[in-house]
Amino acid sequence: MNLHEILPGIRGRVKRIAALGDQHEDVRGQLEDIGFLPGERIEVLRKGLLGQGPILVRVGSSTFALRESEAQLIEVEPLEV
Amino acid sequence: MSESKVHFFPSEPLVALLGNPNCGKTALFNLLTGSRQKVANYSGVTVERKEGRLTLNTQKVIRILDLPGAYSLYPRSLDERVTCNVLHGNAEGEKRPDLVLCVLNAMNLRRNLRLVLAAKRLGLPCIVILNMVDVAQRQGLKVDAKALSKELGLPVVSTIGIQSHGADELKQYLSDLDWKNLSALRSSDIDEGIESSRDHSAHTELDNVQVQQILHNLHLDHITPDRLSDRLDAVLLHPVLGPIILAVVLFFIFQAVFSWAVLPMEAIESAVDWLGGLLTQLLPNNWLRSLLIDGVLAGAGGVLIFLPQILILYFFILILEESGYLPRAAYLLDRLMGKVGLSGRSFIPLLSSFACAIPGIMATRSISSARDRLVTILIAPMMTCSARLPVYALLISAFIPERKLWAGLDLQGLVLFLLYVAGIVGAMAVAWVLKYFTSEKFRLNALMMELPSYHLPRLGNLAIGLWQRAEIFLRRVGGIILIMTVCLWALSSFPLPPENATGAAIQYSIAGMMGQALAVVFEPIGFNWQISIALVPGMAAREVVVSSLATVYALSSSSVDAADALVPLISKGWSLATALSLLAWFVFAPQCLSTIAAVKRETGGWKIPIVMLSYLFALAYLAAFITFRVASYFGLA
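Protein chains in written order, with the working numbering: chain A, 2 to 82; chain B, 33 to 669.
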């Protein structure tokens, strides 16, 4: 499951960031730098109107706004609450 | 033969503050250095360089450098590159720091600790500052500083960054330090050189394992929700309520900028008038008096008048920034900005461009995507900066009748509002067009923006921020604008008119000749030779146009009086079509050399400023041409 498919209020854990060739290498590194690393807990806080717009996601204890295109790169497993 | 620059550095030790964005680093910096700080730019780039002095209890003085916030030491934005260069000792005009203070946000150890591990590898003496321990404790996070110090092999000092006594322990620690021998604070595990991409991901994984281990050992391996921020976000980021609240906030700010500034602006006005009057009494009527009154006072005074508006706008921007709302506004606007190929991150630079494009262009440095940054720089000058206001005000009061429309709205205000909208719409249109001109590989623009917890803004930080803005603005008034107005005065005063001259003196001057030549170019858009002359000095700064028009119309009072006396003159002399055309011209025209200079410095070459100059001139000419022709068609010429 990828991060953009997770519904608001659901918690999960980062499995890995997809490697999608050189073009995304920089985005991948950036995602790692801000904390999307294997094992890290995440929670989708909210999405925009009608599920559009950037996703608000908590990773560790900081909150980030991500666009759907980046959220797609993050593979997560949902956790039971 | 290669020449190397020789730099001289102050003898005091240089201490650099390193940390993630939003770790409370700048608040700590403000606490440590207080009023003893200065802001400049790093040579070559416009990233702000904040340095301050701290006198230790032992009377020893150290220099403290506030490095731009960084998530890793693998640079991705201009900000992060500066931080890396300084730490590696590669920054021009900066020596390698003697000591690095790694600031950790106790709330967010996992990510912050990875930066500490990276900093350790650089081989610089490091001290870890555990910041915001009070907030963490309230959230139930107890961080054992001693255990952390043991895990990291580095000294750890706890501070409460946002309280004034919070830095005392740190000051004491720095006072007790043996500054002659800091090497004890250096890690043995050293990794020199800028990290390559591959090294970086390898380090990221290793560091992550180590951080997990440390957190596990400290029993901090759990997630802590930020309840207050979540509750506020439920309202402020609500898909329907959020944008409405943002619109109200922005409307209130613009309202305040105009209404609150009236009194202080009038005060500056009368001070300049008084000084002019004093000089007129004291000095004989010669060229020196003319230079001081018509050149220096009229020019610099006419610009100084905008200081209150700039400060009021900055006051609100600083509050929004300190409270943590500004990135949320960017989040709300991301979808809208995405439509024209930008991200919400461009919102902050564009907002501050309403005060003045220069700090706006400087604020683009936090945008990590090179393409987004460039587009934002290119459109920033179209945001209606406060320097356009005097021109707008002059033309509106001369040509637009004072008439009430419905619901208390008046026509003059509506026209002013439309001029602002025209700038924004123009900027968005240009960004939209640029979407199709930038190559595919630059299209990847990520948002990835951190939304910090909400904080109450602190008065001290606001005051320091405002003072720094004022200083930058005043330096500009005292520098380039003063020089330009003196040059203009010289150009429009010499050569002197012949004995039997009939027209205004300025017609015979160099500026007059230039204006008459330019009038040929501007005739199709309805500008007469007087306007054409005024546009020449207006290149230096837009606001000078008003005082230049006054000079051209052979008035010799200060710009303020001139504006009042000009109204009847131009409303009789110009057609409405000409006035509208001039307004359209000013929405787009790149009439400020300082902005061009800032863009050149920021983009590191002449290419972008030249592109910007040409497209803005073309756009201004086109807009003025259409306006003039349409207005003429309706019989307004």
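Yeah, the Cβ is synthetic: ideal placement off N, Cα and C, and Gly gets one too.
Integer-rounded CB distance, given that residue j should sit under 8 Å from residue i
i                      : j                      : result
residue 152 of chain B : residue 46 of chain B  : Actually they do not touch by this definition, with Cβ atoms about 19 Å apart.
residue 12 of chain A  : residue 44 of chain A  : 5 Å
residue 56 of chain B  : residue 164 of chain B : 5 Å
residue 526 of chain B : residue 541 of chain B : 6 Å
residue 114 of chain B : residue 100 of chain B : 6 Å
residue 132 of chain B : residue 156 of chain B : 5 Å
residue 119 of chain B : residue 160 of chain B : Contact flag wrong, Cβ pair sits at about 15 Å.
residue 252 of chain B : residue 175 of chain B : 7 Å
residue 385 of chain B : residue 392 of chain B : 3 Å
residue 96 of chain B  : residue 136 of chain B : No, residue 96 of chain B and residue 136 of chain B are not in contact; Cβ-Cβ is about 17 Å, not under 8 Å.
residue 398 of chain B : residue 111 of chain B : 6 Å
residue 78 of chain A  : residue 16 of chain A  : 6 Å
Close Cβ partners of residue i (< 8 Å) along its chain, the five nearest in sequence each way excluded
i                      : result
residue 437 of chain B : 443, 446
residue 482 of chain B : 53, 54, 359
residue 592 of chain B : Its pLDDT being 49, under 50, residue 592 of chain B is placed unreliably in this model, and the value from its coordinates should be taken loosely. Excluding sequence neighbours, residue 592 of chain B sits near 301, 304, 305, 333, 334, 337.
residue 240 of chain B : 146
residue 604 of chain B : none
residue 389 of chain B : 412, 413, 415, 417, 624, 627, 630
residue 108 of chain B : 400
Coil, strand or helix - residue i by DSSP
i                      : result
residue 134 of chain B : strand
residue 99 of chain B  : coil
residue 490 of chain B : coil
residue 54 of chain A  : coil
residue 407 of chain B : helix
residue 341 of chain B : helix
residue 171 of chain B : coil
residue 481 of chain B : strand
residue 591 of chain B : Because residue 591 of chain B carries a pLDDT of 45, less than 50, the predicted location of this residue cannot be relied on, and the following value inherits that uncertainty. In this structure, residue 591 of chain B counts as helix in the three-state DSSP scheme.
residue 293 of chain B : coil
residue 69 of chain B  : strand
residue 510 of chain B : helix
residue 439 of chain B : helix
residue 375 of chain B : coil
residue 417 of chain B : coil
residue 80 of chain A  : coil
residue 302 of chain B : helix
residue 45 of chain A  : strand
residue 637 of chain B : coil
residue 213 of chain B : coil
residue 80 of chain B  : strand
residue 153 of chain B : helix
residue 56 of chain B  : coil
residue 116 of chain B : helix
residue 642 of chain B : helix
Beta-carbon contacts of residue i that lie in its chain and below 6 Å, excluding the five residues immediately before and after
i                      : result
residue 66 of chain A  : 55, 57
residue 179 of chain B : 250
residue 73 of chain A  : 3, 5
residue 489 of chain B : 351, 354, 355
residue 657 of chain B : 557
residue 652 of chain B : 617, 620, 621
residue 467 of chain B : 373
residue 134 of chain B : 50, 148, 151, 158, 160
residue 32 of chain A  : 18
residue 383 of chain B : none
residue 615 of chain B : 427
Residues near residue i in its chain [Cβ-Cβ closer than 7 Å; skip 5 each side]
i                      : result
residue 485 of chain B : 258, 261, 356
residue 566 of chain B : 577, 580, 581, 584
residue 340 of chain B : 293, 296, 297
residue 273 of chain B : 267
Proximity test, Cβ basis, 8 Å: residue i and chain E
i                      : result
residue 236 of chain B : Of the protein chains in this structure, namely A and B, none is chain E.
Going along the chain, which residues of the segment 53-80 of chain A sit with their C-beta nearer than 9 Å to a C-beta in chain B? Here the close residues are 53, 54, 55, 57, 59, 60, 61, 62, 63, 64, 65, 66, 67, 68, 70, 71.
Determine contact between the segment 197-215 of chain B and the segment 80-100 of chain B, defined as no fewer than three beta-carbon pairs at a distance below 8 Å. Touching, yes.
Give me the subset of the segment 346-376 of chain B whose CB atoms are less than 7 Å from a CB atom of chain A, sorted by chain position. Going along the segment 346-376 of chain B in chain order, one finds 363, 366, 367 with a Cβ nearer than 7 Å to chain A.
Per the contact definition of three or more C-beta pairs closer than 8 Å, is the segment 339-347 of chain B in contact with the segment 317-324 of chain B? Fewer than three beta-carbon pairs drawn from the segment 317-324 of chain B and the segment 339-347 of chain B are found closer than 8 Å, and the two stretches are therefore not classed as touching.
Positions along the segment 3-23 of chain A whose CB lies within less than 7 Å of some CB in chain B: Taking 7 Å as the Cβ-Cβ cut-off against chain B, none of the residues of the segment 3-23 of chain A qualify.
To be precise: take each residue of the segment 100-111 of chain B, compare its Cβ to all Cβ atoms of chain A, and keep it if any distance is under 8 Å. Which residues remain? Of all residues in the segment 100-111 of chain B, the ones placed with a Cβ closer than 8 Å to any Cβ belonging to chain A are 103, 104, 106, 108, in chain order.
Would the segment 604-611 of chain B count as touching the segment 656-665 of chain B if we require 3 or more Cβ pairs under 8 Å? By the C-beta criterion, the segment 604-611 of chain B is judged to be in contact with the segment 656-665 of chain B, since at least 3 inter-stretch pairs fall below 8 Å.
For the segment 449-467 of chain B against the segment 305-318 of chain B, do three or more pairs of beta-carbon atoms, one drawn from each stretch, fall closer than 8 Å, so that the two count as touching? Not touching, per the Cβ criterion.
I'd like to know if the segment 542-561 of chain B and the segment 489-502 of chain B are in contact, where contact means that at least 3 CB-CB pairs between them fall below 8 Å. Verdict: no, contact absent.
Quick one, which residues of the segment 125-145 of chain B are near chain A if we go by CB-CB under 9 Å, in chain order? Of all residues in the segment 125-145 of chain B, those with a C-beta nearer than 9 Å to a C-beta of chain A are 137, 139, 140, 141, 142, 143, reading in chain order.
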